[in-house]
Amino acid sequence: MPVFKTPFNGYSVRFSPFYESRLAVATAQNFGILGNGRVHVIDLASSGPVINELIAFDTADGVYDVAWSESHDSVLVAAVADGSMKVYDTALPPQANPVRSLKEHAREVHGLDYNPTRRDSFLSASWDDSVKLWTLDRPASLRTFREHAYCVYSVAWNPKHADVFASASGDCTVRIWDVREPGSTMIIPGHEHEILSCDWNKYDECLIATASVDKSIKIWDVRNYRVPVSVLNGHGYAVRKIKFSPHRRNLLVSCSYDMTVCLWDFMVEDALVGRYDHHTEFAVGVDLSVLVDGLMASTGWDELVYVWQQGMDPRAA
Amino acid sequence: MATTQSPSPNSNDDKPQAVSEVVQQANQVQQDVRPEATKQGVPASVFVNSEPIREDQVSNAVKFLSHPKVRGSPVIYRRSFLEKKGLTKEEIDEAFRRVPDPSPSSQPASLSQDGQANSLSSVQTQAPIQTPQPLPAAPTGIVSSGRVARRQFQWYHAVSAVGLLAASGCGTALLIKKVIIPKLKLWVRKVVLEEDNVYAKKIDAKPSLAEEAAAAAKAAAAAASDVAKASQEMLNSKNEERRRFEEFMNLMDAQVQEMKSMSNSIRKLEGQANSSGRAFSDHDDHRASASSTKQSYANGNVDLNVQPGRTSTLPASAEPPHPKSFMEKMEMIQRGEKPSNIREVNDMPPNPNQQLSNPRITPRTKPWEAQNGPRQVLQSQTSAEGLNQNGVDSGLNYLVDDESSTPWWQRKNVRITEIENEDEVKAAGSYGVKTNEQPSVQRTWVPPQPPPVAMPEAAEAIRRPKSAPKETAMQEQLADEQSAARPSEVTDELQRITKMFSTAGKLNKVSSYQVALKVFKTRDTFYLRVRTFQHDFVPRDPKAKPKKLKYPQFYDPYGPRPPPSDKIVELADCISALSPEERGQIGPTLMERLRHPKMQTITVEGMELGSQGGAGAGAAKTEEKKEKTTFDVKLEKFDAAAKIKVIKEVRAFTNLGLKEAKDLVEKAPVMLKQGVTKEEASDIMERIKATGGVAVME
Numbered sequence: 001m002p003v004f005k006t007p008f009n010g011y012s013v014r015f016s017p018f019y020e021s022r023l024a025v026a027t028a029q030n031f032g033i034l035g036n037g038r039v040h041v042i043d044l045a046s047s048g049p050v051i052n053e054l055i056a057f058d059t060a061d062g063v064y065d066v067a068w069s070e071s072h073d074s075v076l077v078a079a080v081a082d083g084s085m086k087v088y089d090t091a092l093p094p095q096a097n098p099v100r101s102l103k104e105h106a107r108e109v110h111g112l113d114y115n116p117t118r119r120d121s122f123l124s125a126s127w128d129d130s131v132k133l134w135t136l137d138r139p140a141s142l143r144t145f146r147e148h149a150y151c152v153y154s155v156a157w158n159p160k161h162a163d164v165f166a167s168a169s170g171d172c173t174v175r176i177w178d179v180r181e182p183g184s185t186m187i188i189p190g191h192e193h194e195i196l197s198c199d200w201n202k203y204d205e206c207l208i209a210t211a212s213v214d215k216s217i218k219i220w221d222v223r224n225y226r227v228p229v230s231v232l233n234g235h236g237y238a239v240r241k242i243k244f245s246p247h248r249r250n251l252l253v254s255c256s257y258d259m260t261v262c263l264w265d266f267m268v269e270d271a272l273v274g275r276y277d278h279h280t281e282f283a284v285g286v287d288l289s290v291l292v293d294g295l296m297a298s299t300g301w302d303e304l305v306y307v308w309q310q311g312m313d314p315r316a317a
Numbered sequence: 001m002a003t004t005q006s007p008s009p010n011s012n013d014d015k016p017q018a019v020s021e022v023v024q025q026a027n028q029v030q031q032d033v034r035p036e037a038t039k040q041g042v043p044a045s046v047f048v049n050s051e052p053i054r055e056d057q058v059s060n061a062v063k064f065l066s067h068p069k070v071r072g073s074p075v076i077y078r079r080s081f082l083e084k085k086g087l088t089k090e091e092i093d094e095a096f097r098r099v100p101d102p103s104p105s106s107q108p109a110s111l112s113q114d115g116q117a118n119s120l121s122s123v124q125t126q127a128p129i130q131t132p133q134p135l136p137a138a139p140t141g142i143v144s145s146g147r148v149a150r151r152q153f154q155w156y157h158a159v160s161a162v163g164l165l166a167a168s169g170c171g172t173a174l175l176i177k178k179v180i181i182p183k184l185k186l187w188v189r190k191v192v193l194e195e196d197n198v199y200a201k202k203i204d205a206k207p208s209l210a211e212e213a214a215a216a217a218k219a220a221a222a223a224a225s226d227v228a229k230a231s232q233e234m235l236n237s238k239n240e241e242r243r244r245f246e247e248f249m250n251l252m253d254a255q256v257q258e259m260k261s262m263s264n265s266i267r268k269l270e271g272q273a274n275s276s277g278r279a280f281s282d283h284d285d286h287r288a289s290a291s292s293t294k295q296s297y298a299n300g301n302v303d304l305n306v307q308p309g310r311t312s313t314l315p316a317s318a319e320p321p322h323p324k325s326f327m328e329k330m331e332m333i334q335r336g337e338k339p340s341n342i343r344e345v346n347d348m349p350p351n352p353n354q355q356l357s358n359p360r361i362t363p364r365t366k367p368w369e370a371q372n373g374p375r376q377v378l379q380s381q382t383s384a385e386g387l388n389q390n391g392v393d394s395g396l397n398y399l400v401d402d403e404s405s406t407p408w409w410q411r412k413n414v415r416i417t418e419i420e421n422e423d424e425v426k427a428a429g430s431y432g433v434k435t436n437e438q439p440s441v442q443r444t445w446v447p448p449q450p451p452p453v454a455m456p457e458a459a460e461a462i463r464r465p466k467s468a469p470k471e472t473a474m475q476e477q478l479a480d481e482q483s484a485a486r487p488s489e490v491t492d493e494l495q496r497i498t499k500m501f502s503t504a505g506k507l508n509k510v511s512s513y514q515v516a517l518k519v520f521k522t523r524d525t526f527y528l529r530v531r532t533f534q535h536d537f538v539p540r541d542p543k544a545k546p547k548k549l550k551y552p553q554f555y556d557p558y559g560p561r562p563p564p565s566d567k568i569v570e571l572a573d574c575i576s577a578l579s580p581e582e583r584g585q586i587g588p589t590l591m592e593r594l595r596h597p598k599m600q601t602i603t604v605e606g607m608e609l610g611s612q613g614g615a616g617a618g619a620a621k622t623e624e625k626k627e628k629t630t631f632d633v634k635l636e637k638f639d640a641a642a643k644i645k646v647i648k649e650v651r652a653f654t655n656l657g658l659k660e661a662k663d664l665v666e667k668a669p670v671m672l673k674q675g676v677t678k679e680e681a682s683d684i685m686e687r688i689k690a691t692g693g694v695a696v697m698e
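Taken in sequence, the protein lines are chains E and D.
For the first sequence, UniProt numbering begins at 1 and goes up steadily by one.
For the second sequence, UniProt numbering begins at 1 and goes up steadily by one.
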């Protein structure tokens with residue numbers, strides 16, 4: 001399985017929803033504390049287990065997250081640590097990039113998510129406690145959702161209801177919002193510690209998973225959110241990112257500061273289905289491909305991006 | 001921040017709240033969100049919580065919010081605290097309404113009714129800040145404020161009374177100070193002045209001085225008592241107030257204390273004294289600027305656990321080990337140095353109005369949208385045809401017939417997920433089984449069937465160790481670490497797999513296993529084979545010769561032991577020389593002597609040794625016995641009348657049956673008992689004598 005070495009520490013990796021072999025990687029210098037950032041667009045060569053870099057974009061500050069547009073196959077958005085978001089178009093020559101710079105947040109933008117059903121809007125989660133809604137054609141945000149009391153680490157659109165999304169925050173709650181409503185519609189005090197990531201189940205629109213600093217992943221049903229459906233323990237340190245599989249109802253993947261990427265099936269008694277400990281530093285980004293079943297990618301602070309098929313060893317060559 | 005809909009979060013919430021307040025005040029407590037939602041035109045959404053308001057939670061929240069310390073903290077932290085406790089938005093709003101606090105949702109009207117009390121000065125400073133904000137909500141706000149103001153009258157009465165008391169107490173204290181000091185000074189001066197010419201008028205002056213002093217003292221005493229009374233009253237009222245909230249706050253404080261002590265003890269245990277570790281007491285603040293601002297957040301509210309997430313310390317094994325270079329970088333930045341590898345990058349868009357390029361590909365439907373359910377997804381993956389079930393879903397072409405075009409990342413192995421832990425083999429097996437069956441959720445692990453012909457090549461090779469070229473070739477390949485031939489070998493094997501899939505036709509567990517067996521040969525999945533099939537069958541190397549084991553010289557069931565002492569050897573000889581019946585008596589006799597059940601083994605030994613020993617050296621034994629301390633008891637004769645008694649006695653000594661004892665006695669003179677001590681022998685003799693027989697000790 002091929003490996004891609006980035007010059008900076010990796011922060012996030014996302015598969016393109018249009019090209020099966022394309023990924024975007026968000027990286028930041030000096031572990032994201034201070035320094036430049038870079039967005040890589042990489043491609044998996046079909047001839048062999050090699051990864052090529054198609055193009056890379058430099059930014060003034062570290063890039064914490066990246067999201068592909070669902071409407072334009074060559075457009076991606078990068079969340080930069082200085083509070084701005086850069087829109088890149090890989091079909092345009094490099095000198096014409098970035099195409100847009102959207103700066104409204106007062107603090108670092110930590111999470112991005114593009115609407116997979118409506119395909120026209122995306123959300124940004126920032127450490128200034130707010131979530132903003134944007135579209136590519138407008139230079140300013142459409143909505144600001146400010147209710148969290150601490151940094152918002154991640155946002156996720158509901159895969160079935162195009163107006164519903166969830167945000168996970170350091171104030172230990174997950175809020176569910178509806179863009180048609182002025183405020184949040186549900187508040188799930190999920191954990192006793194900060195919640196770093198949340199994701200919706202793609203096949204059951206009422207199930208949401210939250211990953212927290214308390215090393216656990218909890219699955220919640222929004223219809224009965226007082227008690228989690230399932231609690232997945234197994235990570236040794238805080239769980240940084242989770243993603244439900246686009247192809248399997250019960251499968252989700254998580255990456256954690258214990259340098260492992262774990263595969264879970266939350267409907268099974270012994271939920272941990274797979275564990276990959278290929279990273280030598282914090283594993284901070286993981287993604288499952290929407291187009292190819294079983295293809296997954298992860299990146300970490302060890303400046304490596306791995307892409308592998310589920311079931312294979314990511315370090316096998 | 002441009003284009004935000006509301007100037008602040010509070011008023012953002014207030015507008016719908018103001019509407020809902022009126023509605024909810026009209027109805028009773030049990031209010032659903034649905035009426036409100038339908039009013040706004042939204043159908044009952046699943047993502048809105050439809051629980052009724054819980055009155056106990058609301059009352060707790062009211063108590064919490066009424067506490068003076070809580071009043072001083074920003075509204076957002078109060079809301080966040082209540083949210084973390086599990087209150088819903090409606091409950092929080094209800095609590096805020098019930099508590100008369102100077103939040104923007106409450107009343108500009110009642111604020112204007114405040115008195116001059118000092119204690120309300122802090123409230124007043126907040127009020128002017130927040131009065132401009134409620135103005136947009138003024139019409140409904142004032143309506144509700146009028147209603148609510150009446151309730152708050154009493155509160156403000158009490159508070160203003162306390163304030164007045166305090167003011168009066170302070171005022172009197174000040175006044176008295178101002179009065180007393182000049183009076184004292186005057187008095188002192190008078191005394192000093194009059195002392196000069198006092199001696200003459202001393203007697204006259206004294207009474208007047210004394211009177212004045214007495215008067216002054218009285219005044220002072222009266223003033224002091226007044227002050228004391230005032231302060232007493234103040235204290236009492238304050239104590240009352242304090243007691244009211246003591247319960248609630250004690251609970252919270254206790255919890256905070258517990259957590260703090262826990263974290264302290266944990267930290268002590270761990271002994272982590274990283275100076276920069278402190279910066280990571282909470283999770284994600286890797287940026288120096290971020291951490292400094294958040295410190296200021298922390299210093300705001302120290303006592304109450306109102307802040308979100310800040311005071312929540314992590315459970316045991318808290319901090320993940322940050323990389324060393326990371327710590328170095330953090331320290332460098334905290335010292336103020338900038339890392340050297342940062343460049344100035346201009347990442348602003350060269351043309352902010354640049355048009356985005358036209359999309360070249362139409363967006364694909366997502367797997368969860370395209371299919372009706374997950375069934376078809378799985379079918380399409382593992383079915384023999386390998387085709388996608390729906391025409392729309394063009395992205396899911398996996399095991400197409402044209403293998404050469406599928407890139408490496410699309411070729412999937414069998415659905416056996418690889419795991420590092422060997423403990424999870426079963427989980428992997430179950431997972432693999434599940435996905436190959438019809439996709440119903442299986443909760444119990446169904447053990448997979450064993451493969452019918454485990455490994456034909458291996459079985460053959462074992463039978464014929466010399467002629468197994470294929471197997472050896474495979475093994476050589478497996479053993480080698482060459483990279484050149486590998487990709488092609490992988491592709492060959494995987495092509496074979498896909499062909500098997502296409503020809504399998506029927507989807508069953510056996511075929512999956514056959515495929516898996518083929519799969520094992522590829523280098524990449526060597527580990528898979530070993531891990532997954534550990535429980536089934538691992539063929540041994542057919543080339544290996546059978547081991548020749550060394551056996552010891554003789555069978556020693558008791559294992560190595562020191563050589564027995566002479567005494568033991570002699571005992572063993574004696575015992576081995578016994579006849580079988582006598583050997584049978586060893587056990588009971590010893591039992592009687594030692595009362596130890598373990599000694600029963602000697603009968604076994606006796607039996608065993610009997611087979612080896614044979615019936616020899618009986619004379620030797622008796623000789624030895626006579627030399628040593630053992631004695632025999634011989635029955636010489638007996639009275640015919642006492643025969644029965646003698647028999648009874650003999651039975652008692654020898655544990656023989658009735659018939660055997662009778663025969664023995666009739667054979668007299670006969671040995672009754674052998675190998676007994678002198679005392680016992682004499683004892684036996686006595687008893688036989690008592691019964692009417694004659695016994696002799698030998």
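Yeah, the Cβ is synthetic: ideal placement off N, Cα and C, and Gly gets one too.
Bear in mind the structure is a predicted one, so any value in this text is a computation, not a measurement.
**OP:** Would you mind reading off the limits of the beta strand (DSSP E) that contains residue 67 of chain E?
**Re:** Residues 63–68.
Original post:
To which residues does DSSP link residue 49 of chain D through a beta bridge?
Top reply: Its beta-bridge partners do not exist; DSSP assigns none.
Original post:
Just reading off the alpha helix (DSSP H) that residue 675 of chain D is part of, what are its end residues?
Top reply: From DSSP, residue 675 of chain D is part of no alpha helix (DSSP H) but of the beta strand (DSSP E) over 670–676.
Original post:
Counting Cβ pairs, one atom from each stretch, are 3 or more of them under 8 Å apart for the region 109–126 of chain E and the region 86–94 of chain E?
Top reply: Output reads no: the region 86–94 of chain E does not touch the region 109–126 of chain E.
Subject >> Contact list for the region 84–100 of chain D against chain E, Cβ threshold 8 Å >> reply: Identification of residues in the region 84–100 of chain D having a C-beta nearer than 8 Å to some C-beta of chain E yields 84, 85, 86, 88, 89, given in sequence order.
**OP:** Taking only beta carbons into account, state which residues of the region 106–124 of chain E come closer than 9 Å to chain D, listed in chain order.
**Re:** Listed by position, the residues of the region 106–124 of chain E near chain D (Cβ gap below 9 Å) are 106, 107, 108, 110, 116, 117, 119.
Subject >> Reference residue 270 of chain E, options E:221, E:172, E:230, closest by Cα >> reply: Closest by alpha carbon: E:230.
**OP:** Please work out which residues of its chain come closer than 6 Å, Cβ to Cβ, to residue 82 of chain E, disregarding the five sequence neighbours upstream and downstream, and give them in chain order.
**Re:** Once the five neighbours on either side are set aside, the close Cβ partners of residue 82 of chain E are 61.
Original post:
Is the shortest distance between the beta-carbon of residue 73 of chain D and the beta-carbons of chain E less than 8 Å?
Top reply: No, no contact with chain E.
Subject >> 8 Å Cβ cutoff, residue 152 of chain E in contact with chain D >> reply: Residue 152 of chain E has a beta carbon lying at 8 Å or more from every beta carbon in chain D.
Original post:
Looking at the C-beta of residue 342 of chain D, does it have a partner C-beta in chain E at a distance below 8 Å?
Top reply: Closer than 8 Å to some Cβ of chain E, the Cβ of residue 342 of chain D qualifies, so yes.
Original post:
Just the Cα atoms here: how many angstroms apart are residue 345 of chain E and residue 66 of chain E?
Top reply: No answer is possible for residue 345 of chain E: the residues shown for chain E start at 1 and end at 317.
**OP:** Provide the residue span of the alpha helix (DSSP H) that contains residue 665 of chain D, from first to last.
**Re:** Annotation for residue 665 of chain D: the continuous alpha helix (DSSP H) segment containing it runs 658–666.
**OP:** Tell me, please, whether the region 330–346 of chain D touches the region 40–53 of chain E by the rule of three or more beta-carbon pairs shorter than 8 Å.
**Re:** Counting Cβ pairs under 8 Å, fewer than three are found: no touch.
Subject >> Cβ pair residue 16 of chain E, residue 23 of chain E closer than 8 Å >> reply: It is a contact, given that the beta carbons lie within the stated cut-off.
**OP:** Note the first and the last residue of the continuous beta strand (DSSP E) segment covering residue 299 of chain E.
**Re:** In the DSSP annotation of this structure, the continuous segment of the beta strand (DSSP E) that includes residue 299 of chain E starts and ends at 295–300.
**OP:** Taking residue 293 of chain E as the reference, give the member of E:227, E:206, E:307, E:50 with the closest Cα.
**Re:** Here the closest residue by C-alpha is E:307.
Original post:
Does any residue of chain E bring its CB to less than 8 Å from the CB of residue 551 of chain D?
Top reply: Residue 551 of chain D does not count as touching chain E.
Original post:
By the criterion of Cβ-Cβ separation under 7 Å, what are the contact partners of residue 73 of chain E in chain D?
Top reply: 359, 360, 361, listed in chain order.
Original post:
How big is the Cα-Cα spacing for residue 25 of chain D and residue 359 of chain D?
Top reply: Residue placement at residue 25 of chain D is flagged as unreliable, the pLDDT there being 47, under the threshold of 50; the coordinate-derived value follows with that caveat. Going by the C-alpha atoms only, they are around 54 Å apart.
Original post:
If we count Cβ pairs, one from each stretch, closer than 8 Å, do we get three or more for the region 68–78 of chain E versus the region 117–129 of chain E?
Top reply: Yes, since at least three Cβ pairs between the region 68–78 of chain E and the region 117–129 of chain E fall closer than 8 Å, the two stretches touch.
**OP:** Note down the Cα distance separating residue 631 of chain D from residue 581 of chain D, rounded to an integer number of angstroms.
**Re:** Rounded to the nearest angstrom, the gap between the Cα atoms of residue 631 of chain D and residue 581 of chain D is 18 Å.
**OP:** State yes or no: is the beta carbon of residue 402 of chain D nearer than 8 Å to at least one beta carbon in chain E?
**Re:** With a pLDDT of 36 at residue 402 of chain D, under the threshold of 50, the modelled position of this residue cannot be trusted; read the value that follows with caution. Not one chain E Cβ lies under 8 Å of residue 402 of chain D.
**OP:** Report all residues from its chain with a CB closer than 6 Å to the CB of residue 267 of chain E; omit the five preceding and five following residues, and keep chain order.
**Re:** Within the same chain, residue 267 of chain E has close Cβ partners 250.
Original post:
Which same chain residues, not among the five before or five after residue 232 of chain E, have their C-beta less than 7 Å away from its C-beta?
Top reply: Shown here for residue 232 of chain E: same chain residues with a beta carbon closer than 7 Å to its own, the five before and five after excluded, namely 216, 217, 264, 266, 271 in chain order.
**OP:** Please list, in chain order, all residues of the same chain as residue 118 of chain E whose beta carbon is under 6 Å from its beta carbon, the five residues on each side excluded.
**Re:** So the qualifying residues of the chain are 162.
**OP:** In angstroms with no decimal places, state the Cα-to-Cα distance between residue 558 of chain D and residue 665 of chain D.
**Re:** Going by C-alpha positions, residue 558 of chain D is about 42 Å away from residue 665 of chain D.
Original post:
So is residue 79 of chain E in contact with chain D if we call contact Cβ pairs under 8 Å?
Top reply: So no, residue 79 of chain E is outside the interface.
Subject >> Contact with chain E by residue 269 of chain D, beta-carbon distance below 8 Å >> reply: So no, residue 269 of chain D is outside the interface.
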